Every structure is written in structure tokens, then in C-alpha cells.
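Structure first, commentary second.
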Amino acid sequence: MQKYFIVFLSVIMVLSFSACGFNRDVPDTVTIEGKEYKKAFVEELYPFSEPGDGIRILGTRYSRYSKTPYDCYIAYDRNAEPNIFFLKEQFDEAKKFYSDHNNFNFFCLFGNIHDEDEQQIISLENIDGSMFDSLLEFSAENNYNPFTSFNNEENLKKIPVADSDDWMADEIHFYKESKDGAFSTSRGYTFVLFDNKLHLLYEYDFSDENAIKMVLREIPSEIGDYFCALLKAFS
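With the first letter of the sequence shown counted as 1, position 117 gets the number 121 in the working numbering; the numbers rise by one all the way through.
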């Protein structure tokens, strides 16, 4: 029951944030204190720590972020997703740095993402960065999005969870963290191994609390096979 509450609370927090003054559209450029900043990595990179003081411009709040060596501000859109801005003169260098997979460490988290006591985190060495990007791109396009009514519900399958008392035990999360300690990708996409294939967890079906089901979408084999091979090394 505590886990149900944590998930419910997380959803409520996101919905509350989206209703508290986030603009529908964050502009591509903004001028702050006479300096021009350009936007990059929308919904791609997330700050490790809470941004600092900021300024509100046309209804959008831009908060300074000092964890990165670049002059940076972060603004959140109506979906509570970060839009990262770099000083115009540093933009190309910053974008190149955070687009380079060599400047990140890659990880795989097994277990309940909401409970550190039930997690196992593995460092992934020599990972193919382009395959990682492909996995996240597929997940972004096919994940359940509570902010839209146009979710893709084709080719989904329902699978009973192995243990209703520990229904997050089979979760897998792939993510990367920048080596400078500034940004990471989201851990919000959840994956499950089923029938020796990698699947994206679309949602949980709680219509029967005594028989909880996972609603899954199979990852395309050209992507899923690569990550299944990685996971076999830790099985």
C-alpha cells in the first residue's frame, strides 16, 4: 500500500506542477540581464540538483543553474519538463559537450525506482551511445503520456506480475549521467524482460489488486537485442 501511495503522490505532484504557471511554449531564445541565451536539450537532460534563483519573463521562470561550467538557465514547461538554456556565446560548445557520449557514464538500475533499499545499480562500460539514444527515442514516442489523449495503444500485451507484494521488482531503468555532475537523462522509462525480449512498461493495470498486470510494448529487435545482451552479463 505504501508503494501505491508513492506512485500516486508522484503523479499528483507532476500534475500540480503543470498547473502552476508553466507556459505551454518556452521560447527558443531569451534575454536575461542583457545577455542572450539559447535553448537546447528539451526533455532530454535533467539537472542533478534544484536550480537556484531566477527571473520570471512573460510568465516563464528562468532559474540559474550553477552545476555546469557553462552560463546556464533552466525553464520548465507546462509538462514540468526542463528546457536548458546556454549563453549564446557558449551555446555551440555546451551543446557539443553534452551531446558527446564520452562525457557521460551509463547505468542500469534494477528494481523499485522509488525505494533505494530495493535497487541494484550497475555501471555499463563501453556502451554504444547511438543504441542508447535509439532506446530513449523509441520510449519517448511510445511511453504512456498522461498529458495527451493520443497515446499509442496498439500492440500492447498484459502480463501478470510475478509477485503482487513486490510488483516493481522486475523493473529496469537505463540512464546516463554527465561526468561533470550537472545532468542526467530521465529514469522515468521503465523496461521489463519478458520471454527473453526487452519490453517498455506502458503502465500497470490495477483493476484487480490481487492480480496486478503489467501492460508492455515490445522494443524493436534491432534495439532490444542489444540491451538484452548487456543484461545477460548481469544475470
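Note that the Cβ used here is the ideal one computed from N, Cα and C, for glycine as well.
Keep in mind the model is a prediction, meaning the values are calculated, not measured.
Terminal residues of the beta strand (DSSP E) in which residue i lies
| i | result |
| --- | --- |
| Asn-109 | 108-115 |
| Phe-198 | 195-198 |
| Pro-164 | 160-164 |
| Tyr-148 | Looking at the DSSP string, Tyr-148 is not in any beta strand (DSSP E), and its letter there is neither H nor E. |
| Glu-157 | Premise fails: Glu-157 is in no beta strand (DSSP E) and is neither H nor E. |
| Glu-40 | 39-44 |
Residue burial classification, residue i (beta-carbon count within 10 angstroms, cutoff 16)
| i | result |
| --- | --- |
| Thr-72 | buried |
| Leu-62 | exposed |
| Glu-175 | buried |
| Ile-78 | buried |
| Ile-117 | buried |
| Ser-182 | buried |
| Phe-178 | buried |
| Thr-33 | exposed |
| Asp-75 | buried |
| Glu-47 | exposed |
| Phe-45 | buried |
| Phe-95 | buried |
| Gly-115 | buried |
| Phe-108 | buried |
| Gly-25 | At Gly-25, the pLDDT of 41 sits below 50, so the modelled position is not reliable; the number obtained from the coordinates is stated separately. Gly-25 should be labelled exposed. |
Beta-bridge partners of residue i, as assigned by DSSP
| i | result |
| --- | --- |
| Tyr-77 | Arg-68 and Phe-89 |
| Arg-60 | Arg-65 |
| Glu-222 | His-203 |
| Ser-188 | Tyr-50 and Glu-181 |
Endpoints, alpha helix (DSSP H) assigned at residue i
| i | result |
| --- | --- |
| Gly-228 | 225-236 |
| Asp-96 | 95-103 |
Closest Cα partner of residue i within the set the options
| i | options | result |
| --- | --- | --- |
| Glu-158 | Leu-220, Gly-185, Val-165 and Asp-209 | Leu-220 |
| Leu-204 | Glu-141, Gly-185, Phe-154 and Tyr-41 | Glu-141 |
| Asn-200 | Ile-216, His-177, Gly-228 and Asp-170 | Gly-228 |
| Glu-222 | Val-196, Asn-155, Glu-48 and Gln-123 | Val-196 |
| Met-240 | Phe-231, Asp-32 and Gly-38 | Residue 240 lies beyond the range of the chain shown here (5 to 239); nothing can be said about it. |
| Glu-85 | Arg-65, Leu-160 and Phe-198 | Arg-65 |
| Leu-187 | Gln-94, Lys-42 and Ser-70 | According to the sequence as given, residue 187 is Phe; it is not Leu. Closest by alpha carbon: Ser-70. |
| Phe-90 | Tyr-80, Leu-49, Leu-128 and Lys-42 | Lys-42 |
| Gly-38 | Asp-209, Ile-59, Gly-115 and Val-30 | Ile-59 |
| Asp-57 | Ile-36, Ile-125, Thr-194 and Asn-109 | Ile-36 |
| Met-172 | Ser-67, Asp-209, Glu-145 and Leu-139 | Asp-209 |
| Asn-83 | Leu-235, Tyr-206, Ala-215 and Asn-149 | Asn-149 |
| Ser-53 | Ala-233, Gly-185 and Glu-207 | Gly-185 |
| Glu-101 | Tyr-80, Asn-87 and Leu-49 | Per the sequence shown, the amino acid found at residue 101 is Phe instead of Glu. Here the closest residue by C-alpha is Leu-49. |
| Arg-191 | Glu-226, Ile-88, Ser-143 and Ser-67 | Ser-143 |
Three-state class that DSSP yields for residue i in the structure shown
| i | result |
| --- | --- |
| Asp-4 | Here the chain covers residues 5 to 239 and nothing more, so residue 4 does not appear. |
| Lys-183 | coil |
| Ser-143 | helix |
| Glu-122 | helix |
| Asp-170 | helix |
| Phe-178 | strand |
| Val-34 | strand |
| Asp-132 | coil |
| Ser-209 | Looking at the sequence provided, one finds Asp at residue 209 rather than Ser. Here Asp-209 sits in strand by DSSP. |
| Asn-27 | Because the pLDDT at Asn-27 is just 48, under 50, the model does not fix this residue reliably, and the point stays unresolved. |
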